[in-house]
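Be aware that the sequence shown starts at 1, since it is given in the UniProt record's numbering, and climbs by one per residue.
Encoded as structure tokens, the structure appears first; notes follow it.
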Amino acid sequence: MKIALIGASGNAGSRILAELSRRGHQVTAIARDTSKIPTAPGVTAAAVDIADVAKLSAILRGNDAVISAVHFSASDPDKLIAAVEGAGVRRYLVVGGAGSLEVAPGQLLVNTPDFPAQYRDEALGGVAFLERLRRNDTLEWTFLSPSALFTAGERTGRFRLGTDQLLTNENGSIISFEDYAIALADEIEQPRHVRQRFTVGY
Numbered sequence: 001m002k003i004a005l006i007g008a009s010g011n012a013g014s015r016i017l018a019e020l021s022r023r024g025h026q027v028t029a030i031a032r033d034t035s036k037i038p039t040a041p042g043v044t045a046a047a048v049d050i051a052d053v054a055k056l057s058a059i060l061r062g063n064d065a066v067i068s069a070v071h072f073s074a075s076d077p078d079k080l081i082a083a084v085e086g087a088g089v090r091r092y093l094v095v096g097g098a099g100s101l102e103v104a105p106g107q108l109l110v111n112t113p114d115f116p117a118q119y120r121d122e123a124l125g126g127v128a129f130l131e132r133l134r135r136n137d138t139l140e141w142t143f144l145s146p147s148a149l150f151t152a153g154e155r156t157g158r159f160r161l162g163t164d165q166l167l168t169n170e171n172g173s174i175i176s177f178e179d180y181a182i183a184l185a186d187e188i189e190q191p192r193h194v195r196q197r198f199t200v201g202y
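Take a look at the structure:
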């Protein structure tokens, strides 16, 4: 497939890029600093200001899918969605956050008393982005939320999928960037959560 990856040099983005390259996809890796994009099979680096809807849309045109792996606090969902729609790409996948997941019926993780204050704005941005997608009837979107601890680790291929509830085990709520990338790439290749949010964890 031809896939555009916005935020390809970040923690999640770089692992997603590696996973897509490993699987033989052709990836346009979009980042502010393309020197951070590694040379890999099928990867073409592109520098573009993601706030410039026209220029971003031009880069995205002709792809089978677009992935957004940028921080919510550093991006505008309306501009990103407009760029994808303007490019004529239907499939749009967003690297979500855990803050919008439920820890009890109707209670989001971001609204719990112990949620870290330094991550609150980013988490609320994720909540807003998800709500914006849920109102969209044009794109075949998917919002994949990681577990609460989203960190560097191993590529094991062993994880669980869920829907709107935070996944936990005896070690807490954890997923590696590497295994998250597998779950996202699987969803691109075999869509099972179109116009849905889902989550991945151990």
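Cβ atoms here follow ideal geometry from the backbone N, Cα and C, with glycine treated the same way.
Only a predicted model underlies this, so the values are computations on that prediction, with no experimental measurement involved.
Inset, instruction - Would you mind reading off the limits of the beta strand (DSSP E) that contains residue 4? - result: 2-6
Inset, instruction - Quick one: give me the first and last residue of the beta strand (DSSP E) that residue 180 is part of. - result: From DSSP, residue 180 is part of no beta strand (DSSP E) but of the alpha helix (DSSP H) over 177-189.
Legend entry - Three-state secondary structure (DSSP) of residue 138: coil
Legend entry - Opposing strand residues paired with residue 161 [DSSP bridges]: 200
Inset, instruction - Hey, could you find the ends of the beta strand (DSSP E) residue 21 is sitting in? - result: Element bounds for residue 21: not the beta strand (DSSP E) but the alpha helix (DSSP H), 11-22.
Inset, instruction - Look up residue 143 in the DSSP assignment and give the residues it is bridged to. - result: 94 and 197
Legend entry - Cβ-based neighbour list, residue 61, same chain, cut-off 7 angstroms, excluding 5 preceding and 5 following: 87 and 88
Legend entry - Cβ-based burial, residue 179 [other Cβ within 10 Å; buried from 16]: buried
Legend entry - Secondary structure of residue 74, DSSP reduced to three states: helix
Inset, instruction - Count the C-beta pairs between the segment 122-135 and the segment 148-164 that are closer than 8 angstroms, then say yes if the count reaches three, no if not. - result: no
Legend entry - Contact with chain C by residue 39, beta-carbon distance below 8 angstroms: Included in the structure is just one protein chain, with no chain C present.
Inset, instruction - Tell me where the alpha helix (DSSP H) around residue 60 begins and ends. - result: 53-60
Legend entry - Length of the line joining the Cα atoms of residue 1 and residue 79: 24 angstroms
Legend entry - Pair within 8 angstroms by beta-carbon distance, residue 176 and residue 148: no
Inset, instruction - Report yes or no: do the segment 32-47 and the segment 70-77 share at least 3 C-beta pairs separated by less than 8 angstroms? - result: no
Inset, instruction - Would you mind sorting residue 63 into buried or exposed? The rule is 16 or more other CB atoms within 10 Å of its CB. - result: buried
Legend entry - Three-state secondary structure assigned by DSSP to residue 99: coil
Inset, instruction - Provide the residue span of the beta strand (DSSP E) that contains residue 148, from first to last. - result: It is not in any beta strand (DSSP E) - residue 148 carries neither H nor E in the DSSP assignment.
Inset, instruction - Count the CB pairs spanning the segment 49-58 and the segment 182-195 that are closer than 8 angstroms, and state whether there are at least three. - result: no
Legend entry - Other residues of its chain near residue 169: CB distance less than 6 angstroms, five sequence neighbours each side excluded: 202
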